[in-house]
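Encoded as structure tokens, the structure appears first; notes follow it.
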Amino acid sequence: MRQEDVPAVMVIERECFTVPWRESAYVTELSNRSAYYIAAWIGEEIVGYGGMWVIMDEAHITTIGVAKAHRGKKIGEQVLVALLEEAMRHKARRATLEVRESNVVAQNLYRKYGFQPAAIRRGYYTDNHENAIVMWVDNMGGIAFNAKFEELTGQLRRSAVEASAEGQA
176 MRQEDVPAVM
186 VIERECFTVP
196 WRESAYVTEL
206 SNRSAYYIAA
216 WIGEEIVGYG
226 GMWVIMDEAH
236 ITTIGVAKAH
246 RGKKIGEQVL
256 VALLEEAMRH
266 KARRATLEVR
276 ESNVVAQNLY
286 RKYGFQPAAI
296 RRGYYTDNHE
306 NAIVMWVDNM
316 GGIAFNAKFE
326 ELTGQLRRSA
336 VEASAEGQA
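Everything in the sequence shown is counted per the working numbering, starting at 176 for the first residue and increasing by one.
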């Protein structure tokens with residue numbers, strides 16, 4: 176993600192979150208040496224984004240958002256995979272994130288990639304005081320994680336190729 180992408184990201188941010196980050200927060204994050212932010216594109220349009228911090232051997236996924244019009248197309252999964260790949264390139268061995276208790280779709284995606292619930296943050300979300308589930312995945316880069324990750328990313332890439340071929344037919 177680049178500074179010039181932030182206005183388009185903010186449109187999606189406001190669609191996704193009842194208490195969106197401020198534009199200035201993204202601008203600040205983009206200059207943070209421990210932060211990594213990506214944008215997902217279809218053609219000339221940003222359709223999703225994600226960000227994380229990598230500190231020592233841990234990655235903290237701070238945000239993932241997908242435009243409502245593009246949900247259900249595995250864009251969120253592609254963003255998650257890209258973040259995990261980047262985390263592993265930076266020698267992260269574990270990753271964490273928070274997710275709303277009510278966001279079962281996201282929880283299922285995170286579980287698919289090995290994240291497990293580790294704690295509850297009571298009243299974490301300021302808009303409605305909903306609890307956050309803290310999830311962790313360990314042993315990134317280990318044999319079992321790598322085998323499962325390779326299997327899942329292979330399936331994801333094949334489904335993206337099939338979807339692209341269907342769109343051209």
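Even for Gly, the Cβ is constructed at its ideal location relative to N, Cα and C. Since the structure is predicted, the reported quantities are computational estimates derived from the model, not experimental observations.
Using 8 Å as the threshold, is the C-beta distance between glycine 393 and glycine 223 below it? Outside the displayed span of the chain (176 to 344) sits residue 393, for which this structure offers no information.
Quick one: residues in its chain with C-beta nearer than 6 Å to the C-beta of alanine 257, no 5 flanking neighbours on either side, listed in chain order? Ile213
For glutamate 260, the three-state DSSP class (helix, strand or coil): helix
Just to confirm, are arginine 275 and alanine 242 a CB contact at a threshold of 8 Å? no
Reference aspartate 180, options Thr193, Thr271, Val194, Glu204, closest by Cα: Glu204
Using only the alpha-carbon positions, how far apart do alanine 262 and asparagine 303 sit? 31 Å
For glutamate 188, does the three-state DSSP call read helix, strand or coil? helix
Go through its chain and collect everything with a Cβ distance to arginine 177's Cβ below 7 Å, but skip five positions before and after it. none
Run the CB neighbour count on glutamine 330, radius 10 Å, all protein chains shown included, and call it buried at 16 or more, exposed below. exposed
Identify which residue in Tyr201, Trp216, Gln253, Gly317 has its Cα closest to the Cα of tryptophan 228. Tyr201
Opening and closing residue of the beta strand (DSSP E) in which glutamine 291 lies: 291–296
Going by DSSP, what residue range makes up the alpha helix (DSSP H) through arginine 286? 279–287
Give the list of continuous alpha helix (DSSP H) stretches no shorter than 4 residues that lie fully inside the stretch 195–227. 198–205
Cβ separation of alanine 270 and methionine 231, assumed to be a contact under 8 Å, to the nearest whole Å: Actually they are not in contact, since the Cβ atoms of alanine 270 and methionine 231 sit about 12 Å apart, beyond 8 Å.
Taking DSSP's pairing of strands, which residues face glycine 329 in a bridge? Paired residues: none, contrary to the question.
Along the chain, where does the beta strand (DSSP E) that runs through threonine 301 open and close? Premise fails: threonine 301 is in no beta strand (DSSP E) and is neither H nor E.
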